[in-house]
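J.:
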Amino acid sequence: MTRPLERVLRAFLDDPAAPRYGYDLMKAASLKSGTLYPLLARLESQKLVTSAWETPEQEGQRPRKYYKLTGEGARVARLGLAHASAARQRASAGTAPRARAAPGSLG
Amino acid sequence: MRGEGGILRLGEYLVGRACRGLPAEQRDERYREWTAELPAILHDPGIRLPWHRAARMLSYAAGVTRGTALPSRQRMPRRVVAVIILELGIFASNIWVAARSPADWVNYMLAAWSLILIAAFIGVYRYRIHRRGSRAHAHRN
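Protein sequence lines, in the order shown, are assigned to chains A and B.
Counting in the working numbering, the first sequence runs from 1 upward without gaps.
Counting in the working numbering, the second sequence runs from 1001 upward without gaps.
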């Protein structure tokens, strides 16, 4: 799992039920828009994240698109983050070779 | 904030440019999504200084351009870029020589000729890319 993906998943998992806008995720994950949106598109195509358009509160306000983790997305994210932190601990202890991404995992 | 409209329009322009690199079916939705974020960034209560908010907004718009950049196989190869730079250098030197001796019409001819050479080179390159793309498309179908 790459660091940017890890950050995005952590941002989502702060409140898995909360809808998150792209800009909010950018701030929470400290990522640039050019890194975040391709990641979101990938997560969405894997059905780990779902998106929807908000209903504008005021007239003339542009509706924003928000993203939410799906149930499966939350499960996979927790699992992926646990694996990533375990692999990092092993690597820092110098006891094991680098963990490889399993086929079908988040990579 | 003063000049907000202009900054927003600049952001929209950058997002519009970024969306040109996307497949047609994604373009509209992405444009709507990304331009809807621009006013939100420009009014972000978490950033105190207006110029900082404006810079953040423009950085966001420029960032999506980077995110939608063409994959490397669609970019100009370095070899082609090197030839174009070389030809531009020749053109610039011809202009410089022409400026030093304005009475000599041969220098103008050389400058015009080098400009035609650049245009022809880019034209041939684009034609070859287009033909390769058409062939690949025909092969897929």
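Think of the CB as a built atom: it goes at the ideal place given N, C-alpha and C, for glycine as much as any other residue.
Quick one: does Gly1067/B have its CB under 8 angstroms from some CB of chain A?
T.: Residue mapping note: residue 1067/B aligns to position 67 of the second sequence, counting from 1. Cβ-Cβ to chain A under 8 angstroms: yes for Gly1067/B.
J.: Would you please verify whether the beta carbon of Pro1039/B is less than 8 angstroms from any beta carbon of chain A?
T.: As a position in the second sequence, residue 1039/B is number 39, starting the count at 1. By this cut-off, Pro1039/B is an interface position.
J.: Taking only three categories from DSSP, how would you classify Ser1072/B?
T.: Position 72 of the second sequence holds residue 1072/B. Residue placement at Ser1072/B cannot be trusted, given a pLDDT of 47 that sits under 50; what the coordinates show is reported in the next sentence. Residue state, collapsed to three classes: helix.
J.: What does the Cβ neighbour count give for Ala18/A, buried or exposed, with the cut at 16 atoms within 10 Å?
T.: Here residue 18/A corresponds to residue number 18 of the first sequence, with the count starting at 1. Exposed, since its Cβ has fewer than 16 Cβ neighbours within 10 Å.
J.: Apart from the five residues on each side of it in sequence, which residues of its chain come closer than 6 angstroms, Cβ to Cβ, to Leu43/A?
T.: Within the first sequence, residue 43/A is the residue found at index 43, counting from 1. So the qualifying residues of the chain are Val49.
J.: Less than 8 angstroms separating the beta-carbons of Phe1121/B and Val1081/B?
T.: Within the second sequence, residue 1121/B is the residue found at index 121, counting from 1. Within the second sequence, residue 1081/B is the residue found at index 81, counting from 1. No; because the gap between Cβ atoms is not below 8 angstroms, this pair is not in contact.
J.: Whose CA, out of Trp1051/B, Ala1099/B and Arg1066/B, lies closest to the CA of Gly1016/B?
T.: Within the second sequence, residue 1016/B is the residue found at index 16, counting from 1. When only C-alpha atoms are compared, the closest one is Arg1066/B.
J.: Using only the alpha-carbon positions, how far apart do Leu1049/B and Leu1058/B sit?
T.: Locating residue 1049/B in the second sequence gives position 49, where the first residue counts as 1. Locating residue 1058/B in the second sequence gives position 58, where the first residue counts as 1. If I take the Cα positions, the gap works out to 15 angstroms.
J.: Taking the C-alpha atoms as reference points, what is the distance between His83/A and Arg7/A?
T.: As a first step, residue 83/A is located in the first sequence; it is residue number 83 there, counting from the start. As a first step, residue 7/A is located in the first sequence; it is residue number 7 there, counting from the start. Cα to Cα, His83/A sits roughly 14 angstroms from Arg7/A.
J.: Quick one: residues in its chain with C-beta nearer than 7 angstroms to the C-beta of Lys47/A, no 5 flanking neighbours on either side, listed in chain order?
T.: Within the first sequence, numbered from 1, the residue matching residue 47/A stands at position 47. Contacts found: Thr70 and Glu72.
J.: What is the rounded straight-line gap between the Cα of Ala29/A and the Cα of Phe1091/B?
T.: Translated into positions along the first sequence, residue 29/A becomes position 29. Translated into positions along the second sequence, residue 1091/B becomes position 91. Answer to the nearest angstrom: the Cα atoms are 48 angstroms apart.
J.: DSSP on Lys27/A, reduced to helix/strand/coil?
T.: Counted from its first residue, the first sequence places residue 27/A at position 27. Note: Lys27/A maps to helix in three-state DSSP.
J.: Along chain A, which residues have their Cβ under 8 angstroms away from the Cβ of Ala1036/B?
T.: For the purposes of this step, residue 1036/B is taken as the residue at position 36 of the second sequence. Residues of chain A with a Cβ closer than 8 angstroms to the Cβ of Ala1036/B are, in chain order, Arg62, Pro63, Arg64 and Lys65.
J.: Please classify Arg64/A: does DSSP put it in a helix, a strand, or coil?
T.: One-based indexing of the first sequence puts residue 64/A at position 64. Three-state DSSP puts Arg64/A in coil, outside helix and strand.
J.: From what residue to what residue does the beta strand (DSSP E) around Ser45/A run?
T.: Mapped onto the first sequence, residue 45/A falls at position 45. First-last for Ser45/A: Ser33 to Ser45, but that is the alpha helix (DSSP H), not the beta strand (DSSP E).
J.: Take every Cβ of the region 1025-1042 of chain B, pair it with every Cβ of the region 53-67 of chain A, and state whether three or more of those distances are shorter than 8 angstroms.
T.: yes
J.: Got a sec, what are the start and stop residues for the alpha helix (DSSP H) Ala1054/B sits in?
T.: Locating residue 1054/B in the second sequence gives position 54, counting from the first residue. Residues Pro1050 to Gly1067.
J.: Quick one: what does DSSP say Ala1040/B is sitting in, helix, strand or coil?
T.: As a working mapping, residue 1040/B is identified with position 40 in the second sequence. Looking at Ala1040/B - three-state DSSP - the assignment turns out to be helix.
J.: Let me make sure I understand the geometry here. Which of Gly1006/B, Ala1111/B, Ala1018/B and Ala1119/B has the alpha-carbon closest to that of Val1064/B?
T.: Looking up residue 1064/B in the second sequence gives position 64. Here the closest residue by C-alpha is Ala1018/B.
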